[in-house]
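Q:
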Amino acid sequence: MDAGAVLAWRSLFAEQEKPNGERQREMSKQTFVIVGASLAGAKAAEELRKEGFDGRIVLIGDEPELPYERPPLTKDYLRDETPRAKTRVHEPGFYESHQIDLTTAVTVTAIDPAGRRILVDGEPGPAYDRLLIATGAEPRQLEIPGAALEGIHYLRTLADCDALRERLGAGGKVVVVGAGWIGAEFAASARQRGLDVTVIEPAAVPLERVLGKELGAFYGDAHRAHGVELRTQTGVEEFEGQGSVTSVRTNGGESIACDFVVVGVGVIPRTGLAQTAGAAIDNGILVDERLATSLPDVFAAGDVANAWHPFFARQIRVEHWSNALNQGPAAARSMLGQDVSYDRLPYFFSDQYDVGMEYSGHASESDEIVYRGALADGAFIAFWLKDRRVIAGMNVNVWDVNDDVQALIRSRQEINVAALRDEDTPLRDLVGQPDGVDDE
Ligand SMILES: Cc1cc2nc3c(=O)[nH]c(=O)nc-3n(C[C@H](O)[C@H](O)[C@H](O)COP(=O)(O)OP(=O)(O)OC[C@H]3O[C@@H](n4cnc5c(N)ncnc54)[C@H](O)[C@@H]3O)c2cc1C
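Going by the numbering used here, the first residue of the sequence shown is number 610, and it counts up by one from there.
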C-alpha cells in the first residue's frame, strides 16, 4: 500500500476516536464478542477478565475444540510425543471459572456493524458493544489436476493433525509440497517417525522467501543430512492416482510415488466476515496501532490482522504464534479503552531435527547479512542489516540472546560490523555503542 492509501484508510478511524454515550455505559452491562476461538481470541478473553472487565464475554469458534495452540501440530504432538491436552491454551475449566461464554463448532456467518450484532450459523446472534475478529488464516489450496484425490492433506487444525498422525503411524512414503515453515517442520517430523520423505519446492532452497539463499541452503543441508529427498526449482503439475493419490508429477516431468501428500504452500487471512461488513482490507484486516479496524468498535488481532506497526512505520501482518499470543491481549486492552500502541517486534521460532531457532524483526528491506559464528558449526546468529542498522536477527542453536538482538534492532544505531561478527564481544555491549572504529 502506498503512503497516500495508508493516510486515506487511517483517516477512517477519526470518527471513533472519542467515546460516545453508549460506550460510557457501565462495563458490567456490556457485551464483548470475540470471533475465532484460537490463540488470539482466547488470550484476548483472558486479558479482559485480568483487566477487570465484568461484563459479558462471548467467545465463538467454528472448530469443535477448546482453544489450542498450533505449533505442536508440526512438532511433538504430530510425532505422538505429547498428549492432546498439552496443546490447549488454557487449563480445563478456565472458561467456566472466568465466566467466558465459549461456544465451539459454530460459525459466525455475518457481522452487522450498524445493528452491532453478529449472525451465527445464519441466525441472529448476540449484540455487541465491542467486537474482536480473530479468525486467523487458512491454508492456500493447490488447484491442480488430482487435487480432490484422497490422501492429499493440509495442516492447520487438530483434525488435520490427527489424520496425519495416523498416516505417520502407518509409515510409508510422503511427498511434501512446499518447503516453507509448515512443509519443512512436517518433513522433519515425518523423517523422525521413519517415513521416506520427498520435498518439492519451486525456489532454489527451502525457506528462501524469508531467509534468503544461504540460510535456506543451511536448512536444505539439514534436511538432506537427515535423509530427505529435496527437489528444488520445480513445481507440482498433477496429483496422480485412481481415487487415492499414488504419485506426484512435477513440472520437470518426474513422477514421484507416494502413499500420501502434505501441501504447505502458505496461508490466506480469513477476512471474509470483515470484508462483507465493510471493513478496510488489504492483505488482512487493516487495523491501526490500537488494533482497531475501520468499523466502529470492531478490532482485529492475530494472523488475520494487518496492523500499523509504529516502529517500522508500515502495515505488517504476522503469521506467527507470538503475535497471536500478544496481539490478542493488546486488542482486549484497546477494547477497554486503554491507550494501546502495539509495537512488539515480530518474533517466531522453529524446530527441525536438532536445529532450533528464534527470529526477531522484519528483514524485507535488508541489504546485507552478517554472521556471528559459522553456519558449518550449526550454531550461529544471522543479522539482517539495512544501511548498517540491524533490522532482523536469527539465532540458531544459540540461546538467551534474543532480547539483545531485539535491543539492537530497537536502537536503530549504525552498527560496528566487525564487533557484530566477533563472538567474544557480548551483544549487549553493542547496544548504544556508536559505530566508531569499523570501516568495513
Ligand atoms: C501446524 C502449524 C504449526 C505452527 N508452528 C509455529 C511455530 O513453530 N512458530 C510460530 O511462531 N508460529 C507457528 N504457527 C503459526 C501460529 O500457530 C499462528 O500464527 C497462530 O495460530 C495464529 O493464531 P490466531 O488466533 O490469530 O489464528 P488461528 O490459529 O488461525 O485461529 C483462528 C480461529 O478462528 C476460527 N474461525 C475463523 N473464521 C471463523 C468464523 N467465521 N466463525 C467462527 N470461527 C472462525 C478458525 O477456525 C480458528 O479456529 C504454526 C501454525 C500451524 C498451522
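Cβ coordinates follow ideal geometry from the N, Cα and C atoms, glycine included.
In this text, all values refer to a predicted model and were calculated from it rather than measured experimentally.
Residue 725: which of 710, 751, 1002 and 908 sits nearest, CA to CA?
A: Taking the first residue of the sequence shown as position 1, residue 725 is located at position 116. Ranking 710, 751, 1002 and 908 by Cα distance to residue 725 puts 908 first.
Q: Buried or exposed: which applies to residue 885, given that a residue is buried once 16 or more other Cβ atoms fall within 10 Å of its Cβ?
A: Here residue 885 refers to the residue found at position 276 when the sequence shown is read from its first residue. Burial call: exposed.
Q: Closest to residue 964 by C-alpha separation, out of 985, 902, 892 and 947, would be which residue?
A: Position 355 of the sequence shown, counted from the start, is the residue given in the question as residue 964. If we check each option's Cα against that of residue 964, 985 comes out closest.
Q: Report yes if the C-beta of residue 730 is less than 6 Å from at least one heavy atom of ligand 1; otherwise report no.
A: Translated into positions along the sequence shown, residue 730 becomes position 121. Not under cutoff, so the answer is no.
Q: Drop a sphere of 10 angstroms on the beta-carbon of residue 1050, count the other beta-carbons inside from all chains shown, and report buried for 16 or more, exposed for fewer.
A: Outside the displayed span of the chain (610 to 1049) sits residue 1050, for which this structure offers no information.
Q: Which full runs of the alpha helix (DSSP H) of 4+ residues lie inside the region 858 to 905, going along the chain?
A: With a minimum length of 4 residues, the continuous alpha helix (DSSP H) runs that stay inside the region 858 to 905 are 881 to 885.
Q: From which residue to which residue does the beta strand (DSSP E) around residue 1015 run?
A: Translated into positions along the sequence shown, residue 1015 becomes position 406. Segment 1011 to 1020 is the alpha helix (DSSP H) holding residue 1015; no beta strand (DSSP E) there.
Q: Just curious, the alpha helix (DSSP H) that residue 825 is in, first and last residue?
A: In the sequence shown, counting from the first residue as 1, residue 825 sits at position 216. Where residue 825 is concerned, the enclosing alpha helix (DSSP H) stretches over 817 to 834.
Q: Leaving out five residues on either side along the sequence, give the residues of the same chain with a beta carbon under 7 Å from the beta carbon of residue 953.
A: Here the question's residue 953 lines up with position 344 in the sequence shown. The answer, listed in chain order, is 935.
Q: For residue 807, which three-state DSSP category applies?
A: Sequence index remark: in the sequence shown, residue 807 carries index 198 (1-based). Three-state DSSP puts residue 807 in a strand.
Q: In this structure, how does DSSP classify residue 841 when only helix, strand and coil are distinguished?
A: As a working mapping, residue 841 is identified with position 232 in the sequence shown. In this structure, residue 841 counts as strand in the three-state DSSP scheme.
Q: What number of angstroms, rounded off, separates the C-alpha of residue 842 from the C-alpha of residue 810?
A: As a first step, residue 842 is located in the sequence shown; it is residue number 233 there, counting from the start. As a first step, residue 810 is located in the sequence shown; it is residue number 201 there, counting from the start. Using only the alpha carbons, I get a separation of about 6 Å.
Q: Just curious, the alpha helix (DSSP H) that residue 790 is in, first and last residue?
A: Counting from 1 along the sequence shown, the entry for residue 790 is found at position 181. Per DSSP, residue 790 belongs to the alpha helix (DSSP H) from 790 to 801.
Q: Based on DSSP bridge pairs, tell me the residues matched to residue 853.
A: If you number the sequence shown from 1, residue 853 lands on position 244. According to DSSP, which records beta bridges pairwise, residue 853 is partnered with 759.
Q: Under the criterion of a Cβ to heavy atom distance below 6 Å, does residue 764 qualify as lining ligand 1?
A: Within the sequence shown, residue 764 is the residue found at index 155, counting from 1. Checking every heavy atom of ligand 1 against the Cβ of residue 764, one is found closer than 6 Å.
Q: Using a threshold of 6 Å, is the CB atom of residue 685 nearer than that to any non-hydrogen atom of ligand 1?
A: What you label residue 685 is simply residue 76 of the sequence shown in a count that begins at 1. The answer is no for residue 685.
Q: Report whether the distance from the Cβ of residue 680 to the nearest heavy atom of ligand 1 is below 6 Å.
A: As a position in the sequence shown, residue 680 is number 71, starting the count at 1. Answer for residue 680: yes, Cβ within range of ligand 1.
Q: Whose C-alpha, out of 734, 786, 736 and 739, is nearest the C-alpha of residue 749?
A: The count along the sequence shown starts at 1 and reaches residue 749 at position 140. Answer by Cα proximity: 786.
Q: Per DSSP, what kind of secondary structure is residue 1008 in: helix, strand or coil?
A: Here residue 1008 is taken as the residue at index 399 of the sequence shown, counted from 1. Coil, per DSSP.
Q: Can you list, in chain order, the residues of its chain whose CB lies under 6 Å from that of residue 710, leaving out five sequence neighbours each side?
A: Position 101 of the sequence shown holds residue 710. The answer, listed in chain order, is 667.
Q: Under the three-state reduction of DSSP, which class applies to residue 776: helix, strand or coil?
A: Position 167 of the sequence shown, counting from 1, holds the residue named residue 776. Residue 776: helix per DSSP, three-state reduction.
Q: Please state whether the Cβ-Cβ distance between residue 972 and residue 1001 is less than 7 Å.
A: The count along the sequence shown starts at 1 and reaches residue 972 at position 363. The count along the sequence shown starts at 1 and reaches residue 1001 at position 392. Closer than 7 Å, so yes.
Q: Taking Cβ positions, are residue 681 and residue 646 nearer each other than 7 Å?
A: By 1-based counting over the sequence shown, the position of residue 681 is 72. By 1-based counting over the sequence shown, the position of residue 646 is 37. Going by C-beta atoms, residue 681 is not nearer than 7 Å to residue 646.
Q: CB of residue 898 to nearest heavy atom of ligand 1: below 6 Å?
A: Residue mapping note: residue 898 aligns to position 289 of the sequence shown, counting from 1. Residue 898: no, Cβ never under 6 Å from ligand 1.
Q: Could you please give the first and the last residue of the uninterrupted beta strand (DSSP E) stretch that includes residue 636?
A: Within the sequence shown, numbered from 1, the residue matching residue 636 stands at position 27. Careful: residue 636 lies outside any beta strand (DSSP E) and carries neither H nor E.
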